[in-house]
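Per this note's numbering: the sequence shown ends with 150, consecutive numbering throughout. Heads up, the beta-carbon is just placed ideally off N, CA and C, and yes, glycines get one too. To keep things clear, I will list the structure first and then write my remarks on it.
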Amino acid sequence: MKRTALRFALLLSVLLNLGVVAAIALDALREPSAPVLPDYLSLNADQRARWHAAEAPFLAQFGAASARLETHRMALIRRIFSETVDPVAIEAERAQIALLQQAQQRLMIEQLLTERAMLDPAQRERLAHLLLNQPEVSSALEALHRP
């Protein structure tokens with residue numbers, strides 16, 4: 004082989020190795036992903052079918068509720084920082100957010116009860132353990148106010 008071809012092959016090999024190392028490093032830095040619950044719980048075929056049938060409408064409802072909450076959260080922030088502060092309007096947004104949060108909590112509880120009914124005792128224990136050991140999540144507002 005010519006000297007130029009050898010240099011090119013060496014350069015290509017080094018770049019490829021750097022790419023692999025970078026991919027491994029990025030993967031290690033990424034937050035661990037949540038487990039796929041049907042796999043984590045070792046659901047059988049019947050349980051998986053019921054799980055997915057219950058999960059789709061729940062996720063749609065939960066997503067819609069989250070979007071409504073976000074709309075009111077943005078409105079509340081705009082009202083708080085508007086040129087003139089209207090305490091009645093601020094309280095109305097706060098009350099609406101509280102109602103939506105309660106509805107979302109009820110939806111979550113109903114879903115967990117539905118899932119509970121599908122699971123055997125060992126699977127329920129695994130799901131409860133997983134839920135109880137979720138890392139605490141701080142809000143974006145808390146993160147903004149950290150020293």
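Boundaries of the alpha helix (DSSP H) in which residue i is found, first to last residue
{"i": "D49", "result": "48–83"}
{"i": "D89", "result": "Note, D89: premise wrong, no alpha helix (DSSP H); not H, not E."}
{"i": "L122", "result": "Run containing L122: none; DSSP gives neither H nor E here."}
{"i": "L40", "result": "40–43"}
Assigned exposure category for residue i - 16 Cβ within 10 Å defines buried
{"i": "L46", "result": "buried"}
{"i": "L44", "result": "buried"}
{"i": "Q126", "result": "buried"}
{"i": "E73", "result": "exposed"}
{"i": "R163", "result": "The requested residue 163 does not occur in the structure, where the chain is confined to residues 4 to 150."}
{"i": "R82", "result": "buried"}
{"i": "H55", "result": "exposed"}
{"i": "E118", "result": "buried"}
Euclidean distance between Cα positions of residue i and residue j
{"i": "V140", "j": "P41", "result": "24 Å"}
{"i": "Q50", "j": "L133", "result": "18 Å"}
{"i": "P90", "j": "R97", "result": "10 Å"}
{"i": "R129", "j": "T87", "result": "52 Å"}
{"i": "P124", "j": "L103", "result": "32 Å"}
{"i": "A166", "j": "E94", "result": "Here the chain covers residues 4 to 150 and nothing more, so residue 166 does not appear."}
{"i": "M121", "j": "Q107", "result": "21 Å"}
{"i": "R76", "j": "I100", "result": "7 Å"}
{"i": "A78", "j": "P138", "result": "29 Å"}
{"i": "P38", "j": "L147", "result": "29 Å"}
{"i": "G66", "j": "R53", "result": "20 Å"}
{"i": "S85", "j": "A92", "result": "11 Å"}
Counting beta carbon pairs with one atom in the segment 104–122 and one in the segment 61–77, are three or more of them shorter than 8 Å?
Touching, yes.
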